[in-house]
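In UniProt numbering, the protein residues as written are 1 to 1126.
Structure, rendered in structure tokens:
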């Protein structure tokens, strides 16, 4: 096979070489051309090329099938034209020998021309073409034309042999390619030149070039042909007529094909134009139908020919009825006459004088009313008639808006004329040059509007400004950075009087931010200024009154606390001495009454300080649970006396230690819980403490008398109670809730109250108490100081005596003086460790003495003697004055020796040892019974142990009952009994019982029998331990009481009760009798005695009287007079 293929290739190469070789002595035939046929061939080539290029140009604007059809038919036209030109050109060449053509080869030679035509038209139909595709297209087209030419010549049949000159043969191919590239460039390149040609000009020019390229290649190829005559060649000359006929036939067929192609493309173009027309008509119809303006076509007589939907909306006519009208029917007078005159003139002159001119007139609606419209007329001059197009816009809304604007302008003008002020617009210059100012300026200044307005003002508004107020208008320079301005100033009226003006306005800016003008409003505020002056005077008077009240409060504090200092101090000292029973009774009464008076005074002073915001909070770390326990313990006895349940529930997520104002929180809780107990006759008082967000919430709920809705709003106001009769029925000042509210708000919290009359109340407050650590807490109960040499100064002898006694008892050496001058003298004579001085003394007060001493020390470079001011004043300015005078410490009257010792330690910067008050020896051997807390809750150890004994006796079988109930899975019984024991154990300070009963109550809800049994076992063991501790504590108490009893003479119980009854009726305390009553053995477990003691402690003498009568009856019935132990 390879051999056969190699032989075929050699044969093809040999045949090709044979086309370009012939013997040198061969006879070459020459021929002549029929120039008519030559011209015909050129015409055919140019015509076919021009037609094809025109079709290619049309194809650029088509897409899809139409584009492909146009390119295909154009390729046929051009390809047929190229082939026809070649064939006619061959027929125009006349040899001296007959020539015929092979039909199949001749027809096949058309294929290269069709290919070349398709390449050319595809390139030309592009919108843009680059250099590489242009060159490639030219090469393919030229090669196609050359292939068609030489394949067509190969179809010649004649006696002579056809050979080619190699050089001319190659030249013909180069000519075909070069001219093809040129033809394509002409179509694309000429369009880019500076001079512009129409598309059809470009198509003709490129067609001529392409036609010449085709003919040039053909005739160059003919010049390359060599006709080699055979040896027996005989020349013939009678073949011309046959060639002419054949050439004309080919030309006719070619033209016919071109015509068919042209007709087909015209049909396509017509179809395209038809679609364009339909689309244009559709767009025009859409525009007309969506237009908000009425578009009406009329003839020269005014008859309506066509319109759109807007006409129906504007005039109310249906379209089918509207087009039957004459447009003149829409015109009312006087517009109808003008319309008729216009039509007559147009009919005569055929000149539309109103064409393009818009007029605003009124036309008639179908219902008869007139419509404001804008009307314009256009003219269309058609060959057989004239049509006018009327455009009508409904301007009803615009006219209405203009009317509204006119009304508003009139209203604005009326408003500006009637408002009590002056509106203006002025330039931002030194004179306030007025662009506009309202008529009210005459009333304001006394001058008319025309005096101020540009361009020729008589005076400037800036000239009227009071000289003393001119300075503030320099701020106008700063308006470039502001949006608005506001001034108060005085102007000089034309009558010479002064007027106060309030001026407020805005800066109006352009797009760049520069100020165009100022729009403002001026109001005469002379009356308001007079009122302000009155208010200022009233405020000054109020401030003077407040200062007087503060001064009065300070003086009252000083005047009351000063004697109170002596009363309380000496009473406490006397109570520590040996007294008979009557003396001790009288002194106890004095001490209790004095402390009650001091408590009331503190409430009043706290309220005054809170109102002025002068109360300082002492912040510290403390145990919140201990504080709550302390408060509940303090109030527990009071609640028990009224048979109330006092419950405390603290959420588990509450921190043990917090940071805040401990004493003030205690004061709030005592106030609110104390009020709840006071106003609750039966039921319970419950205190809930839980976390809410970052605050700690305190809730106090009671089942008391409640607060009527009309008084609930004033419950936090001073001297207000739930009922006007409360102050007599329950006592109190009505300041407790007020102080609580002010303290809560001062500490950053909120307090609220809700209540239902007859059902109870709920007071709740929250505080931002931050978590603290136990290590942050400093507990100082008793301070032991080394002996000091102290100088005291006070102008009241009782105060000096009291302070001397207290300090000497603490181990200090004391010197005393009565005024500031003596302080300075003593300091020069002796070296003192500390000076304690009163702030208010005759001759020279303590503050002045301190200042002079500090100046003396500074002058001589002496060390400063520590000083503490001791005063009854509560004013913060007094503390500040003391601090500014160089006094380091501050202590208040009445004197609290422990507090004074702490202040001395702080001022002297001593490293004191803080010790807790030791728990009584009685509680040291108890691990499960909190005796200290129990005594605080029950008042005495006897009463407390009696309640513990009663509890142990009543609930001794309880652990066994729990085990039995658990075996029968009677969970409800266990749950209810645990709840009851939990409450009792909490009130009895039995913390372990409380913990285990709470634990069992939770476990029983989960029905965990194993854990429940473990808890019951622990409770059983704990009851045994508590029983042992109780017996030991009881023995210790009895031993102690026997020791105390042996030192006191026996007394008759009835006599003790009689003495107490007499004291209660006289509203007095008899501490000796109370102590004797507490020491009676048989009364250790008597609850009436506990209530009686609490009643005396709270000064509830009426309640104490009732309890004493009840106790007296009990004693008489039991005949126990001989059981008294004194």
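C-beta atoms are modelled at their ideal positions from N, C-alpha and C, and glycine is treated no differently.
Just so it is clear, the structure is predicted and the values come from calculations on it, not from any experiment.
Length of the line joining the Cα atoms of residue i and residue j
| i | j | result |
| --- | --- | --- |
| residue 1104 | residue 866 | 50 Å |
| residue 763 | residue 663 | 19 Å |
| residue 540 | residue 445 | 33 Å |
| residue 1112 | residue 902 | 47 Å |
| residue 670 | residue 896 | 22 Å |
| residue 175 | residue 93 | 20 Å |
| residue 274 | residue 66 | 14 Å |
| residue 1109 | residue 1053 | 13 Å |
| residue 1115 | residue 962 | 39 Å |
| residue 119 | residue 222 | 25 Å |
| residue 1051 | residue 815 | Residue confidence is low: residue 1051 scores 43 on pLDDT, short of 50, so the model does not pin down where it sits. Its coordinate-derived value is still stated next. Residue 1051 and residue 815: Cα-Cα distance of roughly 46 Å. |
| residue 583 | residue 808 | 25 Å |
| residue 419 | residue 451 | 21 Å |
| residue 654 | residue 667 | 20 Å |
| residue 863 | residue 620 | 32 Å |
| residue 882 | residue 905 | 18 Å |
| residue 297 | residue 409 | 41 Å |
| residue 74 | residue 63 | 15 Å |
Contact set for residue i: own chain, Cβ-Cβ below 6 Å, skip 5 residues either direction
| i | result |
| --- | --- |
| residue 924 | In this prediction, residue 924 has a pLDDT of 45, which is less than 50 and means its spatial position is unreliable; what the coordinates show is noted afterwards. Cβ within range, chain order: n/a, list empty. |
| residue 755 | 706, 707, 712 and 761 |
| residue 525 | 500 and 502 |
| residue 624 | 658 |
| residue 34 | 92 |
| residue 800 | 794 and 816 |
Distance CB(residue i)-CB(residue j) smaller than 8 Å
| i | j | result |
| --- | --- | --- |
| residue 790 | residue 836 | yes |
| residue 631 | residue 677 | no |
| residue 1033 | residue 931 | yes |
| residue 201 | residue 86 | no |
| residue 907 | residue 934 | no |
| residue 113 | residue 144 | yes |
| residue 41 | residue 105 | no |
| residue 804 | residue 787 | no |
| residue 425 | residue 519 | yes |
| residue 1022 | residue 1002 | no |
| residue 146 | residue 109 | no |
The alpha helix (DSSP H) enclosing residue i, as first and last residue numbers
| i | result |
| --- | --- |
| residue 812 | Careful: residue 812 lies outside any alpha helix (DSSP H) and carries neither H nor E. |
| residue 826 | 820-829 |
| residue 345 | 335-349 |
| residue 999 | 991-1005 |
| residue 84 | 64-92 |
Cutoff 8 Å; reference residue i; Cβ partners in own chain excluding five residues on either side
| i | result |
| --- | --- |
| residue 357 | 376 and 377 |
| residue 966 | 974, 1009, 1012, 1013 and 1016 |
| residue 851 | 885 and 886 |
| residue 691 | 651, 653, 654 and 697 |
Beta strand (DSSP E) segment containing residue i, residue limits
| i | result |
| --- | --- |
| residue 970 | Segment: none, residue 970 is in no beta strand (DSSP E) and carries neither H nor E. |
| residue 369 | Careful: residue 369 lies outside any beta strand (DSSP E) and carries neither H nor E. |
| residue 500 | 498-509 |
| residue 489 | 484-492 |
| residue 364 | 358-364 |
Cutoff 7 Å; reference residue i; Cβ partners in own chain excluding five residues on either side
| i | result |
| --- | --- |
| residue 729 | Note on residue 729: pLDDT 45, under 50, position unreliable in the model; the coordinate value appears next. Contacts found: none. |
| residue 628 | 648, 650 and 689 |
| residue 396 | 371 and 372 |
| residue 46 | 207, 208 and 211 |
*asked:* To test your reading of the DSSP string, which unbroken alpha helix (DSSP H) runs of 4 or more residues are found completely within the stretch 837-865?
replied: If we require 4 residues or more, the alpha helix (DSSP H) runs fully inside the stretch 837-865 come out as 846-859.
_Contained alpha helix (DSSP H) runs [length at least 4] in the stretch 97-146, N- to C-terminal order_ = 103-108 and 110-124
_As an exercise, report each continuous alpha helix (DSSP H) stretch of at least 4 residues that is fully enclosed by the stretch 379-429, in chain order._
Complete alpha helix (DSSP H) runs here, min 4: 396-418.
*Only counting runs of 4 or more residues, tell me where the alpha helix (DSSP H) segments fall wholly within the stretch 651-692, in order along the chain.*
662-678
*asked:* Going residue by residue through the stretch 729-770, where are the continuous alpha helix (DSSP H) segments of at least 4 residues, counting only ones entirely within it?
replied: With a minimum length of 4 residues, the continuous alpha helix (DSSP H) runs that stay inside the stretch 729-770 are 736-746.
*Fully enclosed by the stretch 200-234, which beta strand (DSSP E) runs are 3 residues long or longer?*
225-229
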